[in-house]
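To convert, note that position 12 of the sequence shown is 12 in UniProt numbering; the numbers rise steadily by one, no gaps.
No residue lacks a Cβ here, since even glycine has one placed at the ideal position from N, Cα and C.
It should be emphasised that the depicted structure is a prediction, and the values quoted were computed from it without experimental measurement.
Working notes, beginning with the structure itself.
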Amino acid sequence: MNDFDLVRKNLFRRKLRASLMIVSILIAFMIFGVLAGFHRAFTLGEDRAAADRMITVNKINFTQPLPIAYYNRVRAVEGVRQVTFANWFGGYYQDPKNFVMSLAIEPSTYFDVYRSEFDVPPEQLQAFTRDRGSALVGEKLAQKWGWKIGDRIPVQSNIFSQKSGGHTWDLTIAGIVKGKVEHVDTNFLLFQYAYFDETRSFGKDTIGWMILQTTSPENNDRVAKAIDAMFANSTAETSTDTEKAFGKAFVAQFGNIALIVFLVVGAAFVTILMIVGNTMALSIRERTREIGVLKTLGFSGPRILAMVLGESVLLALLGGVPGLAIAALIAMALRASLTNVAPAFAVSPTIMLQGLALMIALGLITGIIPALNAMRLKIATALGRG
């Protein structure tokens, strides 16, 4: 019998107690995995935002429009390389439950600004630019609904209506947009702003926001101040910030996800530390005589220390690994239904590694005091307690 066999048998000598501790650790790491997956989903885009890309929105909030006349004025600002704009459409397909992230864009500039994220075949982009009633759809969205190039689809808005009184825009799919990198979500639909602005019943000649690229990230602050100063004291003052900062502000509307993760997981882990630490101490006290026998048989203090620590780490791994696995399965099951809210929701390899590190840390922290007590225990004292 080797040391691992002894560790395993000692851990399960009280099967009910061990099982309850494993279940409590499992639940804690399941919660950690799910919350960390949500945190990843909401912050992945902002973490990978282009350093030279900025967003200009209405100073009141980003749901308020800006005059389209601002577009050409921003293009003339020193330090701005290129600018495009977009307008939220609030679209859905067939049923209001079938939300479609849809934007009215300027086709001649939009993909110049987002060339590093999206890939559109040149002939498809040309077809989209030529036909004012066409649309580009993301690869994921096309796969979801079985759409293909040439299909004519009715997209409805829960915000805008047409001059004719209807809420439906019939669009012909001119191309499929693919992501160039793994984190890019392609669950969207894009159509021409000119067509949208011409047919909508209100809000004419206004846009939702502008996206601009600066000549260098070092110019970001100067460009932002110049733009916002240009429109100060106007009927639609602006707020310009980096894409990353804008993303953080947007996510903040849903609450501080990082703080929620920290508080919930922190509370769970403190509770488990107290429970498991106390249980390990109790287990070692119950085995005082056995530890004395092991030392009598030649087991050194460091070997005893390693065995007790191994027992607590094994306990953490037996609960934590299945907990993270269940969290990953939950993420897989929910990902399709959360596509429009958190498309990147997943328990990533990074989260798995973080979880593994937490399991080892949990095992070492809860086991260190009982392990030191066991290592320092004198043989005469241990055998005398029997």
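Inset, instruction - Would you kindly report the start and end of the unbroken alpha helix (DSSP H) that includes T129? - result: Locating residue 129 in the sequence shown gives position 129, counting from the first residue. In this chain, the alpha helix (DSSP H) harbouring T129 covers P122 to R130.
Legend entry - Any C-beta of chain D under 9 angstroms from that of T279: Reference to chain D is not applicable here, since this structure consists of a single protein chain.
Inset, instruction - Report the residue from K144, V181, F299 and N61 whose alpha carbon sits nearest the alpha carbon of K378. - result: The residue labelled residue 378 in the question sits at position 378 within the sequence shown. Checking every option, the nearest Cα to that of K378 belongs to F299.
Legend entry - T271, buried or exposed, once every other Cβ within 10 Å from all chains shown has been counted against 16: Counting from one through the sequence shown, the residue named residue 271 turns up at place 271. Result: exposed.
Legend entry - Integer Cβ distance of G363 from L315, believed to fall under 8 angstroms: By 1-based counting over the sequence shown, the position of residue 363 is 363. By 1-based counting over the sequence shown, the position of residue 315 is 315. Taking a contact as a CB-CB distance under 8 angstroms, the pair G363 and L315 counts as one, their CB atoms being some 7 angstroms apart.
Inset, instruction - Under the assumption that V184 contacts F118 (Cβ atoms under 8 angstroms), give the Cβ distance between them as a whole number of angstroms. - result: Working through the sequence shown from its first residue, we reach residue 184 at position 184. Working through the sequence shown from its first residue, we reach residue 118 at position 118. Right, their Cβ atoms sit about 7 angstroms apart.
Legend entry - Proximity below 9 angstroms, CB of V120 to CB of L136: Taking the first residue of the sequence shown as position 1, residue 120 is located at position 120. Taking the first residue of the sequence shown as position 1, residue 136 is located at position 136. Cβ distance < 9 angstroms, so V120 and L136 count as in contact.
Legend entry - Reference I260, options A194, I27 and F38, closest by Cα: Locating residue 260 in the sequence shown gives position 260, counting from the first residue. Nearest of A194, I27 and F38 to I260, Cα basis: F38.
Legend entry - Within 9 angstroms, strictly: CB atoms of F160 and G203: Looking up residue 160 in the sequence shown gives position 160. Looking up residue 203 in the sequence shown gives position 203. It is a contact, given that the beta carbons lie within the stated cut-off.
Inset, instruction - Starting from the Cα of G323, find the closest Cα among K180, T296, F89 and A28 and give me that residue. - result: Counted from its first residue, the sequence shown places residue 323 at position 323. If you compare the alpha carbons of K180, T296, F89 and A28 with that of G323, the shortest gap goes to A28.
Legend entry - Proximity of A331 and F345 at Cβ, strictly below 9 angstroms: The count along the sequence shown starts at 1 and reaches residue 331 at position 331. The count along the sequence shown starts at 1 and reaches residue 345 at position 345. Result yes, Cβ atoms of A331 and F345 sit closer than 9 angstroms.
Legend entry - Sufficient close CB pairs (3 or more, under 8 angstroms) joining the stretch 213-220 to the stretch 58-68: The stretch 213-220 makes no contact with the stretch 58-68; the number of CB pairs closer than 8 angstroms stays below 3.
Legend entry - Bounding residues of the beta strand (DSSP E) (the contiguous stretch that carries I58): Here residue 58 corresponds to residue number 58 of the sequence shown, with the count starting at 1. Looking at the sequence provided, one finds Asn at residue 58 rather than Ile. Per DSSP, N58 belongs to the beta strand (DSSP E) from R53 to N58.
Inset, instruction - Please confirm if the stretch 187-204 is in contact with the stretch 122-139, defined as three or more CB-CB distances below 8 angstroms between the two stretches. - result: Yes: at least three Cβ pairs fall under 8 angstroms.
Legend entry - For L273, the residue or residues it bridges with in DSSP: Working through the sequence shown from its first residue, we reach residue 273 at position 273. For L273, DSSP records no beta bridge to any residue.
Legend entry - Reduced DSSP category for V100 - H, G, I as helix; E, B as strand; rest coil: Taking the sequence shown and counting its residues from 1, the one referred to as residue 100 is at position 100. Three-state result, V100: strand.
Inset, instruction - Could you give the DSSP three-state label for N87: helix, strand or coil? - result: Residue numbering aside, residue 87 sits at position 87 when the sequence shown is read from its first letter. Correct three-state label for N87: strand.
Inset, instruction - Write down the C-beta distance between S157 and G91 rounded to the nearest angstrom, noting that I regard them as a contact closer than 8 angstroms. - result: As a first step, residue 157 must be located in the sequence shown, where it is residue number 157. As a first step, residue 91 must be located in the sequence shown, where it is residue number 91. That pair is a contact at about 6 angstroms.
Legend entry - For F89, the nearest candidate out of H167, T366 and T242 (CA to CA): The sequence position of residue 89 within the sequence shown is 89, counting from 1. By alpha-carbon distance to F89, the top candidate from H167, T366 and T242 is H167.
Inset, instruction - To the nearest angstrom, report how far apart V347 and A333 are at their CA atoms. - result: For the purposes of this step, residue 347 is identified with residue 347 of the sequence shown, where counting begins at 1. For the purposes of this step, residue 333 is identified with residue 333 of the sequence shown, where counting begins at 1. CA-CA distance, V347 to A333, rounds to 12 angstroms.
Legend entry - Beta-carbon spacing of I31, V177 below 9 angstroms: The residue you call residue 31 lines up with position 31 of the sequence shown. The residue you call residue 177 lines up with position 177 of the sequence shown. No, they are not a contact pair.
Inset, instruction - Compute the distance between the beta-carbons of A374 and I284, then report whether it is under 9 angstroms. - result: In the sequence shown, counting from the first residue as 1, residue 374 sits at position 374. In the sequence shown, counting from the first residue as 1, residue 284 sits at position 284. Contact annotation: A374 and I284 have beta-carbon atoms nearer than 9 angstroms.
Legend entry - Backbone CA spacing between E106 and T84 [nearest angstrom]: Here residue 106 corresponds to residue number 106 of the sequence shown, with the count starting at 1. Here residue 84 corresponds to residue number 84 of the sequence shown, with the count starting at 1. Note on geometry: alpha-carbon atoms of E106 and T84 lie some 7 angstroms from one another.
Inset, instruction - Give, in chain order, every unbroken run of the alpha helix (DSSP H) that is at least 4 residues long and sits entirely within the stretch 125-166. - result: Secondary structure within the stretch 125-166: the alpha helix (DSSP H) runs of 4 or more consecutive residues, fully enclosed, are 139-145 (chain order).
Legend entry - Contact check, I211 vs M101, beta carbons under 9 angstroms: Along the sequence shown, read from residue 1 onward, the residue named residue 211 stands at position 211. Along the sequence shown, read from residue 1 onward, the residue named residue 101 stands at position 101. Contact flag unset, no.
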